[in-house]
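A short write-up of the structure that comes next.
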């Protein structure tokens, strides 16, 4: 089972990142799955930090009190009691939600897939941050939509660049179907959209009558416990909100949700039923009981604090170890650091050497639809302990350093050989 | 929660069945969800027959021994240990499966959805029994495929009719993308494809180079514990097999699977990841432990015996109560009886009166893509106890009788009024 522990997504990422042949991906993946490899590549929360005994007791009580229902089919919109509890979770970020507007989905990913299926025809344009969540790229592209990126900086998506993109598309006669955004502690960029920019982005959305899909898995994982107002609180009629319990409780229960205005919601329910009939009643009932009976806010605090310490360990190690010319984000929450290596190194090509040095990351190109990101990489700090993070960075720094030295020695020839 | 217990799918069925307006569907559904309504409409196994204490203990042990992994992300293909166990389940029907050829899906429904997404472009033709599983219709139609039906009789799909359809399509210049079939204890028709016909159907598939999707939720639910050879055992290279634990263990865990030759399998994994990243590790681990540690074959025997008795109670009640001119199938397994009412009565139109008389069924038109089935209806016998089944049939018979008397009194006027 070690490949599951180390990095369930590496093959997917690697496939997207480097356009390698299937056999090469399998070879890389079989290496990355070895326990001696430090994987900074996944996006796994530290489920070992959960009170597993409490989860076990909750499950046993559930079986004793309501087992036949938990093991039965449920309705397409999701368990009404769970939807009430999910409104509480949204309330922790100031969202005033009604259970009736929610549809429970298999993680946030299924919400994106169903929205893509509903909204995207082949060739349609979807706007998204560049870089953006690899699973969103997968969902939109699986319906043959074209993702157009909006550049980001340390304050998140650049509204001026968004305005330019919208103008460009208008001149091309194309109306984007939606704007997909992860405004808080973005995956993979590790930055948040500032409050002032939130208003500017929504003003543009209003000006161009653009539907916004707000994907918010990390909003409650701010290291200081602060948060910017979710977009949906600023313009409820224009924003479809996607949430998940994957990062605040457990990804293994696959509980996400989408909150959408009435007509969209009904259509999502219909698509959910055609996709898989209904959500697991068992994991829904577990989530509902967990949120009702357990101190879930304290649990989120534990995650936040643990990730804050690990993020510091990672960025400190990067500062101490990485060669001159490398850069990285300074996250204030979430799970990821976004880094770049000096000009001339391609992180997709470097991955094989990194795996050989027993460290894994996700090459930056995985997070772009347009082939950019070749100098970037994503590092995860939520899963490995601090010592292991430092060990991983040391190995990564060694690989980058070696590559730089190789290039210094054989520079131009190498560049010509790979171009 | 009563709507979940009574019939989670009635709105979907009703929508398909009668092309009612949304407001009417909601009105019907709110009636059908009342506990005083005997619902013969759903397709729910009797999960109360499970050893719920054993499930609770299994879950608690799982949390204690492997909790952090069960609550974590898993791989896109599904838990390797569960896939091994699913091969055992398939072995009970004589299928020689390899875990590596399986992809775990969210029930059989997601397998159908992913196959439809992979194989069907808008306008493509899919062949399927008429009537066929309503969820398959939903999946194929959601990708804008056109379902063409092959008539059935008491021995299942008619191979002569299949040959004719294939000839007709050939003359139209259309090549069907696949043949979808539920060969054993079909939903909704309540019949099985005879062994001789299995060979004839596969010979036709070979002749026309047709991919066959075999959906087999009920194969182990034969009342005598017998089974015909699954199609996949007769032609492994041509048949994509879809299985599920929903009817032999629990639908609430949402564990199904698809077994497909290598290239198709890889593509299904990729689509699964884009649809929802991965299956729930928790419910997969529960299923794996259940199949490894619990007497699951005995549990299936318990289901089989219970459903056999209930089926007999239902068909005996139909024989005793239903007016002259009604007909129904004589199931040898599965969950459903397929019935028809005398000429002139439309089961879609009758549903409102039936709900008023506190009995629910699924109108036959729900199971056809072409608007036929107006005289048919599906009755479920797996969920209600025998007394309740008899009560439901009594109410149904009363409604049909009343309708017949009304028509005898005002016959031609009524027919003109509704045509």
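Residue numbers (this note's numbering), protein chains in the order written: chain A, 1152 to 1570; chain R, 1152 to 1570.
Positions of the beta carbon are idealized from the N, C-alpha and C atoms, including for glycine.
Computed from a prediction, not measured in an experiment: that's the story for all the values here.
Alpha-carbon to alpha-carbon, residue j and residue i
i	j	result
residue 1236 of chain A	residue 1442 of chain A	6 Å
residue 1550 of chain A	residue 1370 of chain A	34 Å
residue 1257 of chain A	residue 1558 of chain R	49 Å
residue 1174 of chain R	residue 1418 of chain A	In this predicted model, residue 1174 of chain R has a pLDDT of only 46, less than 50, meaning its place in the structure is not dependable enough to derive any value.
residue 1472 of chain A	residue 1545 of chain A	6 Å
residue 1344 of chain A	residue 1307 of chain A	4 Å
residue 1205 of chain R	residue 1492 of chain R	44 Å
residue 1547 of chain R	residue 1416 of chain R	45 Å
residue 1337 of chain R	residue 1556 of chain R	33 Å
residue 1222 of chain A	residue 1432 of chain A	6 Å
residue 1389 of chain R	residue 1355 of chain R	11 Å
residue 1225 of chain R	residue 1263 of chain R	21 Å
residue 1147 of chain R	residue 1540 of chain A	For residue 1147 of chain R there is no data in the structure shown, the boundaries of chain R being 1152 and 1570.
residue 1571 of chain A	residue 1252 of chain A	The requested residue 1571 of chain A is not part of the displayed model; chain A covers only 1152 to 1570.
residue 1501 of chain A	residue 1495 of chain A	11 Å
residue 1271 of chain A	residue 1291 of chain A	7 Å
residue 1437 of chain A	residue 1211 of chain R	13 Å
residue 1294 of chain R	residue 1268 of chain A	9 Å
residue 1515 of chain R	residue 1483 of chain R	20 Å
residue 1391 of chain A	residue 1414 of chain A	12 Å
residue 1191 of chain R	residue 1207 of chain R	29 Å
residue 1286 of chain R	residue 1513 of chain R	13 Å
residue 1511 of chain A	residue 1518 of chain A	16 Å
residue 1310 of chain A	residue 1346 of chain A	12 Å
residue 1368 of chain R	residue 1377 of chain R	15 Å
Per DSSP, the bridge partner or partners of residue i
i	result
residue 1591 of chain R	No answer is possible for residue 1591 of chain R: the residues shown for chain R start at 1152 and end at 1570.
residue 1532 of chain R	Residue 1532 of chain R is not bridged to any residue.
residue 1407 of chain A	A:1256 and A:1395
residue 1189 of chain R	R:1510
Selection from the options that minimises the alpha carbon distance to residue i
i	options	result
residue 1249 of chain A	A:1454, A:1412, A:1531 and A:1299	A:1412
residue 1260 of chain A	A:1457, A:1318, A:1553 and A:1398	A:1398
residue 1281 of chain R	R:1524, R:1561 and R:1531	R:1524
residue 1188 of chain A	A:1555, A:1513, A:1541 and A:1508	A:1508
residue 1607 of chain R	R:1293, R:1428, R:1288 and R:1295	Since the first residue of chain R shown is 1152 and the last is 1570, residue 1607 of chain R is not available in this structure.
residue 1542 of chain A	A:1309, A:1469, A:1264 and A:1451	A:1469
residue 1489 of chain A	A:1529, A:1379 and A:1357	A:1529
residue 1446 of chain A	A:1561, A:1190, A:1202 and A:1193	A:1202
residue 1520 of chain A	A:1208, A:1284 and A:1265	A:1284
residue 1423 of chain R	A:1421, A:1422 and A:1426	A:1426
residue 1220 of chain A	A:1421, A:1352 and A:1430	A:1430
residue 1410 of chain R	R:1224, R:1254, R:1191 and R:1247	R:1254
residue 1119 of chain R	R:1299, R:1309 and R:1396	With chain R represented from 1152 up to 1570, any question about residue 1119 of chain R goes unanswered, as that position is not in the structure.
residue 1349 of chain R	R:1339, R:1359, R:1335 and R:1360	R:1335
residue 1408 of chain A	A:1230, A:1342, A:1210 and A:1185	A:1230
residue 1585 of chain R	R:1314, R:1436 and R:1227	Because chain R in this structure spans residues 1152 to 1570, residue 1585 of chain R falls outside the shown range and cannot be described.
residue 1577 of chain R	R:1395, R:1360, R:1339 and R:1185	In the structure as shown, chain R begins at 1152 and stops at 1570. Residue 1577 of chain R is therefore absent and cannot be evaluated.
residue 1228 of chain A	A:1420, A:1560, A:1516 and A:1561	A:1420
residue 1460 of chain R	R:1560, R:1439, R:1434 and R:1487	R:1487
residue 1497 of chain R	R:1379, R:1554 and R:1340	R:1554
residue 1379 of chain A	A:1357, A:1342, A:1363 and A:1359	A:1342
residue 1246 of chain A	A:1194, A:1387, A:1186 and A:1451	A:1387
residue 1451 of chain A	A:1485, A:1463, A:1522 and A:1439	A:1485
residue 1296 of chain A	A:1324, A:1266, A:1322 and A:1317	A:1266
Quiz prompt | Cβ pair count under 8 Å reaching 3, the stretch 1298-1312 of chain A against the stretch 1531-1540 of chain A | solution = A contact between stretches requires three or more CB pairs, one per stretch, nearer than 8 Å, and the stretch 1298-1312 of chain A fails this requirement with the stretch 1531-1540 of chain A.
Original post:
Which runs of the alpha helix (DSSP H), 4 residues or longer, sit entirely within the stretch 1233-1315 of chain R?
Top reply: 1258-1270 and 1285-1293
Mind listing, in chain order, the continuous alpha helix (DSSP H) runs of no fewer than 4 residues lying wholly within the stretch 1329-1400 of chain A? 1346-1358 and 1382-1385
Tell me whether the stretch 1319-1329 of chain R and the stretch 1259-1279 of chain R touch, counting them as touching only if at least three CB pairs, one residue from each stretch, are closer than 8 Å.
yes
message: Across the stretch 1214-1225 of chain A and the stretch 1475-1482 of chain A, are there enough close Cβ pairs to call them in contact, namely three or more that are closer than 8 Å?
response: no
Contact between the stretch 1241-1248 of chain R and the stretch 1375-1394 of chain R: three or more CB pairs below 8 Å?
-> yes
Q) Which parts of the stretch 1192-1233 of chain A are runs of the alpha helix (DSSP H), unbroken and 4 residues or longer, counting only runs that do not cross its ends? A) 1203-1221
query: Given 8 Å as the limit, is there contact between the stretch 1192-1201 of chain R and the stretch 1394-1409 of chain R, that is, 3 or more CB pairs closer than that?
result: yes
ask   = Are the stretch 1450-1459 of chain A and the stretch 1364-1379 of chain A in contact at 8 Å, needing three or more beta carbon pairs?
value = Touching, yes, given that three or more Cβ pairs across the two stretches are closer than 8 Å.
Taking only runs of the beta strand (DSSP E) that begin and end inside the stretch 1451-1528 of chain R, which ones reach a length of at least 3 residues, in chain order?
1487-1491
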